[in-house]
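Undergrad:
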Amino acid sequence: MNFTLEGVDPRYPYLKKRLEADGHRLTPDSGHVIAPPAERRGIPYWRDEVYAVENAALTAEGAAELLMRRAPRPVMGMRVLVVGYGRIGRLLADKLAALGARVTVAARRPAARAEARARGYLAVDIIYIPAPYDAVVNTVPAPLLSGDYGGALCMELASAPGGWQDHAPVLRAPGLPSHYAPQAAADIMADAVYRALEVDINE
36 MNFTLEGVDP
46 RYPYLKKRLE
56 ADGHRLTPDS
66 GHVIAPPAER
76 RGIPYWRDEV
86 YAVENAALTA
96 EGAAELLMRR
106 APRPVMGMRV
116 LVVGYGRIGR
126 LLADKLAALG
136 ARVTVAARRP
146 AARAEARARG
156 YLAVDIIYIP
166 APYDAVVNTV
176 PAPLLSGDYG
186 GALCMELASA
196 PGGWQDHAPV
206 LRAPGLPSHY
216 APQAAADIMA
226 DAVYRALEVD
236 INE
């Protein structure tokens, strides 16, 4: 099968190698277009649930690694606020807690806050975040946050428009799997592309 890679993505050299190793060809005019997921065009691999979970896991791991490199103190004992408790937020909270961080989850839905508390985390309403933190990691693509929460290292994982309403200093890391582990991210993408094509063919 022929594929076309459109746009720019750090995964593409590894994806090209994987596709060619699987017997496919890369051509500029194929109808099977693979584009970065934020662009929402071409083969809809981003709708694949397995892709969503595996990509979230890479994002959470990459965020934890980035926090360890950029924070001025060890993660162990650090007060970390994870904003949002979807796939990425849940996985990230678990990884940071395993490293010894004191994790607080900010979520809009009461059920999400209840789940976070059931897993041993503090939980606050996303519209009222009362305490200072050492780090704040946002996973929600909506401008709900303001300031630096007492001098915290603020990290943005969400896509545009991101989570901050103001011009607080923020470490922006959208599309983290592509930069943290491009080869693994490329394999996840390739597998999702194949599954999406199977569904399309069978339909």
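With the working numbering, you'll find the sequence shown wraps up at 238, consecutive numbering, no jumps. C-beta atoms are modelled at their ideal positions from N, C-alpha and C, and glycine is treated no differently.
Where GLU238 and PRO209 are concerned, what is the direct C-alpha to C-alpha distance, given to the nearest angstrom?
TA: Low confidence applies to GLU238: its pLDDT is 45, below 50, so where it sits in the model is not reliable, and the reading given next is rough at best. Spanning the two alpha carbons is a distance of roughly 33 angstroms.
Undergrad: Look up GLU238 in the DSSP assignment and say whether it is helix, strand or coil.
TA: Bear in mind that the predicted position of GLU238 carries a pLDDT of just 45, short of 50, making it too unreliable to give a figure here.
Undergrad: If we require 4 or more residues per run, which alpha helix (DSSP H) segments fall completely within the segment 69-127?
TA: Taking only runs of at least 4 residues, the alpha helix (DSSP H) segments lying wholly in the segment 69-127 are 84-105.
Undergrad: So ALA170 and ALA187 are in contact, right, with Cβ under 8 angstroms, and what is the actual spacing, rounded?
TA: The pair is a contact, with the Cβ atoms about 5 angstroms apart (cut-off 8 angstroms).
Undergrad: Whose CA, out of GLY112, VAL172, PRO176 and CYS189, lies closest to the CA of LEU127?
TA: Per the Cα distances, VAL172.
Undergrad: Note down the Cα distance separating TYR80 from ALA227, rounded to an integer number of angstroms.
TA: Those two C-alpha atoms are separated by around 5 angstroms.
Undergrad: Buried or exposed: which applies to GLU191, given that a residue is buried once 16 or more other Cβ atoms fall within 10 Å of its Cβ?
TA: By the 10 Å Cβ count, GLU191 comes out buried.
Undergrad: Cα separation between TRP199 and ALA136?
TA: Distance between the alpha carbons of TRP199 and ALA136 is about 23 angstroms.
Undergrad: Looking at the secondary structure, which residues open and close the alpha helix (DSSP H) in which GLU191 lies?
TA: Run containing GLU191: none in the alpha helix (DSSP H); it sits in the beta strand (DSSP E), 188-191.
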